[in-house]
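The structure appears right after this line, and notes come after that.
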Amino acid sequence: MARTRDQGVLQPMGATPSHRRVRQFAAYMASTFCLGRHLRGLRDRRRRVEVPGFVIGCVLLVGLALRARSMMELERWVRAGAFRKLVGRHRLPLRDCLRDWAMAADVASAWAINDAILATARKNETFRGGSVHGWHVVALDGTEVLRTQARCCAACQVYRHRDGRVEYAHRVVAAQTVRWRHGDEGTIRVGARVGTCRRWCGHGAPAAEGRGGRRCLRLLRRLQGTHGHFCDVVTVDALYAQAPFLEAVRALGLHVVVRLKDERYAVVQDAAGLRRGRRYGEAFVTRIGSFQVEVRVWDSPELTSWEGLKHPIRVVYAEEELSWTEHQGTAVWHCKALRILEVATTLSPAEASGRVVWEIARSRWGVENEGFRQLKQEWHLDHGFLHHPTGMQVLWALLAAGYNLFQLFLARRIRRRGPWEQTERGVAERLRAELLIGEGPLGLYLVPDTS
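So the sequence shown is numbered by this note's numbering: it starts at 248 and just counts up by one.
Here you go:
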């Protein structure tokens, strides 16, 4: 199967691609999500307007959705005439125009596009079935997306090292729907199969500090204010095992499952005392990826020793015995390992068994494995497109919207995949190839051609 390169994009099957897949993608964005109408809602503070804001937003959103690696690559696509097939005869922006607009754009209007996409997906019942035994679960976490020694902005988090080096960093907080599938790797790429509920907010403060929990709570409040009751359970890492955070989540009407790692907590010591000498309450066997896992669960409800909590808390302790086989030449090794997972939850035993709580806690890895890892490796979240507090938030908003559109397109529109479309990367490559070197006009504009 021969492949050639043109404009930096793989050309599938060595033949000039048609517009079938990219036309399907554009029609999905235009008809299902009315993307052109939402793009016209973008606002900015520019005084001299040579290129309309909705055209710049269209270029950025579609380019980021197709995994553009930099502003320079976006400019190459513009010069190759790719976006002419989506915006008609409007004047197209180059790299400096893209950067200047992002720094002058309104952040709220950019996030409104992502909110509209998620609202439409919920209305179309895209998230139906994405649950853990009926509980709709959202994983919350933060990650660092930019660290540099060269320059800083007003929103940078400053790190001063002992050797005198000074580094400037930005962090984001994300929310992603997750679910558990038996016999699978423990998490599901929610965007690839069901759709994602994702939004980033804030920058600057590391999640390990107190401000990280406040940013997560601010994100939850924004999501609840925009989308209503969008989930039932929030699962977080041990950094958020703090009484004010748990009480604030409960005040929003949500349950929480939080990892416990610090053995100095009184509630952890009390749970260990109650567990000592007592047989496990549940035992089951499942699979996580290639590992067979035997899980034994101890349940300790109604613990009141967590200082600062107004209501009793429940601690679930699980021993996971992993079994797998390794082959070295003609030798076969049967390996085993023991892993411990301890979580605290506001779910009562009547609402969720120990196994359900364990599955919810394990599904939290979806935001790490299929969330941040994929966004950094494939969508270049950690690339510094520009270093400006407003511009970064605008690009994060459009990247979130493009990511959600791409994943929803995979889940809802693609029924049969060609030999080069077996992976998400292959689908993105085909879309780029059709957009860049496909023959003839696309026949469909995301924004009206008013020229």
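All residues carry an ideal CB built from backbone N, CA and C; glycine is no exception.
8 Å CB neighbourhood of residue i in its chain, flanking five on each side removed
| i | result |
| --- | --- |
| cysteine 401 | As written in the sequence, residue 401 is alanine, which differs from the cysteine given in the question. Same-chain partners within the cutoff: Pro636. |
| alanine 703 | The question about residue 703 has no answer here: the residues shown for the chain are numbered 248 through 698. |
| cysteine 344 | Glu297, Val298, Ile303 |
| tryptophan 580 | Thr572, Glu573, His574 |
| alanine 439 | Note that alanine 439 scores a pLDDT of 25, beneath 50, so its modelled location is shaky; the value from the coordinates is reported in the next line. These residues qualify, in order along the chain: Glu617, Gln654, Leu657, Ala658, Glu671. |
| valine 540 | Val532, Thr533, Arg534, Glu567, Glu568, Leu569, Ser570 |
| arginine 398 | Tyr415, His634 |
| arginine 316 | His627, His630 |
Close beta carbons around residue i, own chain, < 6 Å, minus the five adjacent residues each side
| i | result |
| --- | --- |
| glutamate 322 | Leu341, Arg342 |
| glycine 555 | Ala490 |
| leucine 464 | Ala495 |
| glutamate 596 | The residue asked about is misnamed: residue 596 is proline in this sequence, not glutamate. Cβ neighbours of proline 596 beyond the five flanking positions: Pro548. |
| glutamate 529 | Val544, Gly601, Arg602 |
| leucine 628 | Val392, Leu622 |
| glycine 430 | For glycine 430, the predicted model reports a pLDDT of 39, less than 50, meaning its position is unreliable and no value from the coordinates is stated. |
| alanine 363 | His285 |
| aspartate 546 | Gly528, Val563, Gly601 |
Three-state secondary structure assigned by DSSP to residue i
| i | result |
| --- | --- |
| arginine 659 | helix |
| phenylalanine 531 | strand |
| histidine 574 | strand |
| alanine 675 | helix |
| valine 514 | helix |
| glycine 288 | coil |
| alanine 329 | coil |
| valine 641 | helix |
| leucine 569 | strand |
| arginine 323 | helix |
| tyrosine 564 | strand |
| valine 302 | helix |
| valine 379 | strand |
| leucine 693 | coil |
| lysine 557 | coil |
| threonine 473 | helix |
| serine 317 | coil |
| serine 278 | helix |
| glutamine 669 | coil |
| leucine 682 | helix |
| proline 636 | helix |
Beta-carbon proximity list for residue i, same chain, < 7 Å, skipping 5 on both sides
| i | result |
| --- | --- |
| glutamate 297 | Arg338 |
| glutamate 668 | Val674, Arg677 |
| phenylalanine 656 | Phe272, Tyr275 |
| arginine 407 | Val413 |
| arginine 531 | The residue asked about is misnamed: residue 531 is phenylalanine in this sequence, not arginine. Excluding positions up to five away in sequence, the list reads Val542, Arg602. |
| glycine 310 | Leu321, Trp324 |
| serine 537 | Trp571 |
| threonine 473 | Asp362 |
Range of the contiguous alpha helix (DSSP H) that encloses residue i
| i | result |
| --- | --- |
| arginine 602 | 601–610 |
| glutamate 617 | It is not in any alpha helix (DSSP H) - glutamate 617 carries neither H nor E in the DSSP assignment. |
| leucine 550 | Looking at the DSSP string, leucine 550 is not in any alpha helix (DSSP H); the run it does join, the beta strand (DSSP E), is 538–550. |
| threonine 367 | 354–370 |
| leucine 237 | Shown here, the chain extends from 248 to 698; a query on residue 237 therefore has no answer. |
| arginine 267 | 267–274 |
| arginine 342 | 342–351 |
Element boundaries [beta strand (DSSP E), containing residue i]
| i | result |
| --- | --- |
| histidine 502 | 502–506 |
| glutamate 589 | 578–592 |
| glutamine 423 | 413–425 |
| proline 491 | Note, proline 491: premise wrong, no beta strand (DSSP E); alpha helix (DSSP H) at 490–498. |
| valine 480 | 480–483 |
| serine 296 | It is worth fixing the name first, because residue 296 is valine in this sequence and not serine. Premise fails: valine 296 is in no beta strand (DSSP E) and is neither H nor E. |
| arginine 407 | 404–407 |
Rounded distance between the beta-carbons of residue j and residue i, thought under 8 Å
| i | j | result |
| --- | --- | --- |
| valine 503 | threonine 577 | About 50 Å; that fails the 8 Å criterion. |
| aspartate 410 | aspartate 353 | Not a contact, Cβ separation roughly 41 Å. |
| glutamate 681 | histidine 383 | Not really, about 36 Å apart at Cβ, beyond 8 Å. |
| leucine 585 | glutamate 568 | 6 Å |
| cysteine 478 | leucine 501 | 7 Å |
| valine 379 | isoleucine 607 | 5 Å |
| valine 505 | leucine 493 | 7 Å |
| leucine 307 | tyrosine 692 | With a Cβ gap of about 17 Å, leucine 307 and tyrosine 692 do not count as contacting. |
| arginine 294 | glycine 638 | Rounded, the Cβ-Cβ distance is 17 Å, inconsistent with contact. |
| threonine 482 | serine 610 | 7 Å |
| leucine 642 | alanine 349 | 6 Å |
Proximity test, residue i beta-carbon vs the ligand SAH heavy atom, cut-off 7 Å
| i | result |
| --- | --- |
| arginine 469 | Annotation note on the ligand SAH: not contained in the displayed structure, which lists no ligands. |
Exercise for the section: Would you be able to state if there are at least three C-beta pairs under 8 Å between the region 622–637 and the region 590–607? Expected result: no
Practice task
Count the C-beta pairs between the region 462–479 and the region 633–650 that are closer than 8 Å, then say yes if the count reaches three, no if not.
Solution key: no
Exercise for the section: Tell me, please, whether the region 588–595 touches the region 568–580 by the rule of three or more beta-carbon pairs shorter than 8 Å. Expected result: no
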